[in-house]
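Here is the structure we will look at.
Number of protein chains: 2
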Amino acid sequence: MLFQRVAVIGVGLIGGSFALALKQAKACGHVAGAGRSPANLKLALERGLIDSIEGDPARAAEGADLVLVSAPVGQFGKIFEKIGGALKPDALLTDAGSTKRDVVDAARKALKKKTAQFVPAHPIAGAEKSGAAAASAELFRGRKVVITPLPENPEAAIEKVNQAWSSCGARTSRMTPEEHDEIFATVSHLPHLLAYVLVHDVAGRKNANELFSFAAGGFRDFTRIASSHPEMWRDICVANADRIGAELASYTKKLASVKRLLARRDARALEKLFDEARDARESWLQKTWAGRKPGS
Amino acid sequence: MLFQRVAVIGVGLIGGSFALALKQAKACGHVAGAGRSPANLKLALERGLIDSIEGDPARAAEGADLVLVSAPVGQFGKIFEKIGGALKPDALLTDAGSTKRDVVDAARKALKKKTAQFVPAHPIAGAEKSGAAAASAELFRGRKVVITPLPENPEAAIEKVNQAWSSCGARTSRMTPEEHDEIFATVSHLPHLLAYVLVHDVAGRKNANELFSFAAGGFRDFTRIASSHPEMWRDICVANADRIGAELASYTKKLASVKRLLARRDARALEKLFDEARDARESWLQKTWAGRKPGS
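Written out as structure tokens, the structure reads:
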């Protein structure tokens, strides 16, 4: 058993799935849960994701061998403040925050010397569903978890956090918090923003009902991520505003050049763009998604 | 039986599904097929989508009671030129073009007085798959088909084309070609362009492989429509360039305002936008997609 006692702060889709996956892998004993919604914690207990509900993060962290913080990243400062004092000297701390530079800053500020016990992580397994109701032991199976170790971390701490995520079925990789925030601004944060903005744009028009009534499967899939958790995405956007802003600027520039192609009806250049995009996507699908069932 | 003899010009996903659905509804007798790819026509014959392969569109249209033109819209001028002379005086002509103003212009130019026999239509049932291999009798079941009648059309002609699409299981509605092109620029053409551009942007970067390796399910669904048929989308973009350009301008303006929210880390305004977008999408899903299985 990797950890006798685990604490999960924020027992939603990610935190709940982490707890469940560790339990199924027999990698942990007791799981203590804390969070903002009593109803969600009650459901988590009923579903067996956690074994006890603790009144606050500090109580959950007391005596824990591993603490996972899994909350919108805007909450991390407060949570780290609360659990810092309760962390055992040999406890490990990891997280599931979608951004990393801000989370690391918050940890250094609140945890001081105990920052060495914090091995930041980001499981790439979001969904537009949220809450303990959506948690599943299989959520991380075959998915990537990015670990962004700190210079303070002993290698043994990194390795043990790595093992925790691996026990959940995840494939881990390492990079710096800076690399992380840059990569995910491109492949995750920007698309989320684009989808939210498109839906918002359509919804704000006088003929919104008519427009929606003719929107089909393409629109539905394009905008699936616009059903994501607003508070979570607000916090991501604020935390990674500089990188996302840069991505938005580069994308807008590319849109302007496409607008010029449209204006001069440049069929050849448009087809080339579509061809190249389709080829790139298809080869990515083959490499990354071959054998996965749709919707997984 | 609605039509003794049907001709399908372009036996791809849409044309092939139309033929198959009419056959299954026992709404037609012989289906003659014509198209650009002999291999695709052969497959269409083998799969029973069509009953004969004709050497060119005119031969297919000869003696047909209903002709469906189902090709990238850039081909319509040429096809109308070819079939105009072959159309029986009591034959009906419909289409599956994704844009309508240009298709109507092409019809008027090539068909002259026979334009009255042409009842334009657009089935909202695309997919990123194409070709006779992807055709299915169920493709139009429960889907919308927009009919954009012309002032020249006798009401009986509109009604009979309406019946043809209804026999395929589609729900039809009527609007003008202008309304059509405006609505679909918003809910279909713009999202396709945005998805193509995002994939192209990522694919063109030095670290494209690394970026793609961290792209997850959100990116996959957001970009699904970037696997659409490049020639088809080239033609749509050229045909509807003015409307799509206007949509792109309005969307870019909205992105610029979101960029300002990011720059000043306006958490409240960002969350409001995300909340409103999610609510709008969820209520659209409930109205439109309730009871449909995912991926349908």
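If you read the protein sequences in the order shown, they are chains S and Z. Heads up: the first sequence begins at 45 in my numbering, then just goes up one per residue. Heads up: the second sequence begins at 45 in my numbering, then just goes up one per residue. Backbone N, C-alpha and C fix where the C-beta goes; we use that ideal spot for every residue, glycine too.
**Message:** I need the DSSP call for residue 47/Z, collapsed to helix, strand or coil.
**Reply:** Residue mapping note: residue 47/Z aligns to position 3 of the second sequence, counting from 1. The answer is strand: DSSP assigns residue 47/Z an E or B state.
**Asked** Terminal residues of the continuous alpha helix (DSSP H) containing residue 147/S?
**Response** On the first sequence, position 103 is the one that residue 147/S refers to. Counting along the chain, the alpha helix (DSSP H) containing residue 147/S begins and ends at 145-155.
**Segments of 4+ residues assigned as alpha helix (DSSP H) that fall wholly inside the stretch 238-273 of chain Z** = The qualifying runs are 252-258, 261-266.
**Prompt:** Going by other Cβ atoms of all chains shown within 10 Å of its Cβ, with 16 needed for buried, is residue 225/Z buried or exposed?
**Reply:** Mapped onto the second sequence, residue 225/Z falls at position 181. Classification for residue 225/Z: buried.
**Asked** For the 8 Å Cβ check, are there 3 or more pairs between the stretch 104-118 of chain Z and the stretch 126-138 of chain Z?
**Response** Enough Cβ pairs lie closer than 8 Å, so yes.
**Item:** Where residue 75/S falls: helix, strand or coil (DSSP)
**Value:** For the purposes of this step, residue 75/S is identified with residue 31 of the first sequence, where counting begins at 1. Here residue 75/S sits in strand by DSSP.
**Message:** Once the 5 residues before and after residue 234/Z are set aside, which same chain residues still bring their CB inside 7 Å of it?
**Reply:** Within the second sequence, the letter at position 190 stands for residue 234/Z. Cβ neighbours of residue 234/Z beyond the five flanking positions: 288, 291, 292, 295.
**Message:** If I measure Cβ to Cβ from residue 107/Z and keep anything under 6 Å in the same chain, skipping five residues before and after, which residues do I get?
**Reply:** Here residue 107/Z is taken as the residue at index 63 of the second sequence, counted from 1. Hits under 6 Å: 49.
**Message:** Here's the rule: buried if 16 or more other CB atoms are within 10 angstroms of the residue's CB, otherwise exposed. What is residue 158/Z?
**Reply:** For the purposes of this step, residue 158/Z is taken as residue 114 along the second sequence, with counting starting at 1. Taking a 10 Å sphere around the C-beta of residue 158/Z, we find 16 or more other C-beta atoms and assign the residue as buried.
**Request:** Please report how far the alpha carbon of residue 184/S lies from the alpha carbon of residue 65/S, in whole angstroms.
**Result:** By one-based count along the first sequence, residue 184/S stands at place 140. By one-based count along the first sequence, residue 65/S stands at place 21. One Cα belongs to residue 184/S, the other to residue 65/S, and the distance between them is close to 8 Å.
**Prompt:** Between residue 204/Z and chain S, is there a C-beta pair that is closer than 9 Å?
**Reply:** Here residue 204/Z refers to the residue found at position 160 when the second sequence is read from its first residue. It does not: the Cβ of residue 204/Z has no partner Cβ on chain S nearer than 9 Å.
**Asked** Using a Cβ-Cβ distance under 9 Å, would residue 168/S count as near chain Z?
**Response** Residue mapping note: residue 168/S aligns to position 124 of the first sequence, counting from 1. So, interface residue.
**Message:** Looking at residue 154/S: is its Cβ nearer than 9 Å to the Cβ of residue 124/S?
**Reply:** Indexing the first sequence from 1 puts residue 154/S at position 110. Indexing the first sequence from 1 puts residue 124/S at position 80. Yes, they are a contact pair.
**Request:** Could you spell out the range, first to last residue, of the beta strand (DSSP E) harbouring residue 167/S?
**Result:** Residue numbering aside, residue 167/S sits at position 123 when the first sequence is read from its first letter. That run of the beta strand (DSSP E) goes 165-167.
**Message:** Per the DSSP calculation, residue 302/Z is bridged to which residue(s)?
**Reply:** Looking up residue 302/Z in the second sequence gives position 258. Beta-bridge pairing links residue 302/Z to no other residue.
**Asked** In chain S, which residues lie with their C-beta within 8 Å of the C-beta of residue 303/Z?
**Response** Numbered from its first residue, the second sequence carries residue 303/Z at position 259. Within chain S, the residues near residue 303/Z are 289, 292, 293, 296.
**Asked** With a cut-off of 9 Å, does the C-beta of residue 227/S fall near any C-beta of chain Z?
**Response** The residue given as residue 227/S occupies position 183 in the first sequence. Chain Z, which has a Cβ nearer than 9 Å to the Cβ of residue 227/S, makes this yes.
**Prompt:** At what residues does the beta strand (DSSP E) containing residue 309/S begin and finish?
**Reply:** For the purposes of this step, residue 309/S is identified with residue 265 of the first sequence, where counting begins at 1. No beta strand (DSSP E) holds residue 309/S; DSSP gives it neither H nor E.
**Asked** What is the DSSP secondary structure of residue 232/Z, counted as helix, strand or coil?
**Response** Here residue 232/Z refers to the residue found at position 188 of the second sequence. Looking at residue 232/Z - three-state DSSP - the assignment turns out to be helix.
**Message:** I need the boundaries of the alpha helix (DSSP H) containing residue 61/Z, first residue and last residue.
**Reply:** Working through the second sequence from its first residue, we reach residue 61/Z at position 17. Unbroken alpha helix (DSSP H) run through residue 61/Z: 57-68.
**Message:** Between residue 245/S and chain Z, is the shortest Cβ-Cβ distance under 9 Å, so that the two count as touching?
**Reply:** Stepping through the first sequence from its first residue, residue 245/S is reached at position 201. Proximity of residue 245/S to chain Z, defined by a Cβ-Cβ separation below 9 Å, is satisfied.
**Message:** Distance check for residue 92/Z and residue 320/Z, CA to CA, integer angstroms please.
**Reply:** Here residue 320/Z refers to the residue found at position 276 when the second sequence is read from its first residue. Here residue 92/Z refers to the residue found at position 48 when the second sequence is read from its first residue. Taking C-alpha positions only, residue 320/Z is separated from residue 92/Z by approximately 48 Å.
**Asked** What first and last residue would you give for the beta strand (DSSP E) that runs through residue 123/S?
**Response** As a first step, residue 123/S is located in the first sequence; it is residue number 79 there, counting from the start. Here residue 123/S belongs to no beta strand (DSSP E); instead the alpha helix (DSSP H) covers 120-128.
**Prompt:** What separation, rounded to the nearest whole angstrom, lies between the Cα atoms of residue 271/S and residue 162/Z?
**Reply:** Looking up residue 271/S in the first sequence gives position 227. Looking up residue 162/Z in the second sequence gives position 118. Here the alpha carbons of residue 162/Z and residue 271/S stand approximately 41 Å from one another.
**Short-range partners of chain Z found in the stretch 107-134 of chain S, where Cβ spacing is below 7 Å** = So the list is empty, because no residue satisfies the distance condition.
**Request:** Closer than 7 Å by beta-carbon distance: list the chain Z residues that pair up with residue 281/S, in chain order.
**Result:** Sequence index remark: in the first sequence, residue 281/S carries index 237 (1-based). Chain Z residues near residue 281/S: 306, 314.
**Prompt:** Where do the N-terminal and C-terminal ends of the alpha helix (DSSP H) with residue 191/Z fall, by residue?
**Reply:** One-based indexing of the second sequence puts residue 191/Z at position 147. Residue 191/Z -> not in any alpha helix (DSSP H); beta strand (DSSP E) instead, spanning 188-191.
**Prompt:** If you run the structure through DSSP and keep just helix, strand and coil, what is residue 96/Z?
**Reply:** Along the second sequence, read from residue 1 onward, the residue named residue 96/Z stands at position 52. When secondary structure is reduced to three states using DSSP, residue 96/Z falls in the strand class.
**Asked** CB-CB under 7 Å to residue 279/Z, same chain, minus the five flanking residues each way: which ones, in chain order?
**Response** Position 235 of the second sequence holds residue 279/Z. The beta carbon of residue 279/Z sits closer than 7 Å to the beta carbons of 116, 117, 118 from its chain, once the five residues preceding and following it are set aside; these are given in chain order.
**Request:** Give a yes or no on whether the minimum CB-CB distance between residue 149/Z and chain S is below 9 Å.
**Result:** On the second sequence, position 105 is the one that residue 149/Z refers to. Using a CB distance cut-off of 9 Å, residue 149/Z does not count as an interface residue toward chain S.
**Request:** If I'm right that residue 179/Z touches residue 60/Z with Cβ under 8 Å, what's the distance once you round it to whole angstroms?
**Result:** Residue 179/Z sits at position 135 when you count from the first residue of the second sequence. Residue 60/Z sits at position 16 when you count from the first residue of the second sequence. Going by Cβ atoms, the distance from residue 179/Z to residue 60/Z rounds to 3 Å, so yes, they are a contact pair.
**Prompt:** Under 8 Å Cβ-Cβ, which residues of chain S neighbour residue 342/Z?
**Reply:** The requested residue 342/Z does not occur in the structure, where chain Z is confined to residues 45 to 340.
**Request:** Check the Cβ-Cβ distances between residue 84/Z and every residue of chain S, and say whether any is below 9 Å.
**Result:** Taking the first residue of the second sequence as position 1, residue 84/Z is located at position 40. By this cut-off, residue 84/Z is not an interface position.
**Item:** Residue span of the alpha helix (DSSP H) that contains residue 215/Z, given as start and end
**Value:** Here residue 215/Z refers to the residue found at position 171 of the second sequence. Counted as a single uninterrupted DSSP element, the stretch harbouring residue 215/Z is not any alpha helix (DSSP H) but the beta strand (DSSP E) occupying residues 215-218.
**Request:** Locate the alpha helix (DSSP H) running through residue 117/Z, then write down its first and last residues.
**Result:** The residue labelled residue 117/Z in the question sits at position 73 within the second sequence. Here residue 117/Z belongs to no alpha helix (DSSP H), and DSSP marks it neither H nor E.
**Message:** Quick check on residue 183/S: does DSSP put it in helix, strand or coil?
**Reply:** Position 139 of the first sequence, counting from 1, holds the residue named residue 183/S. Looking at residue 183/S - three-state DSSP - the assignment turns out to be coil, as it is neither helix nor strand.
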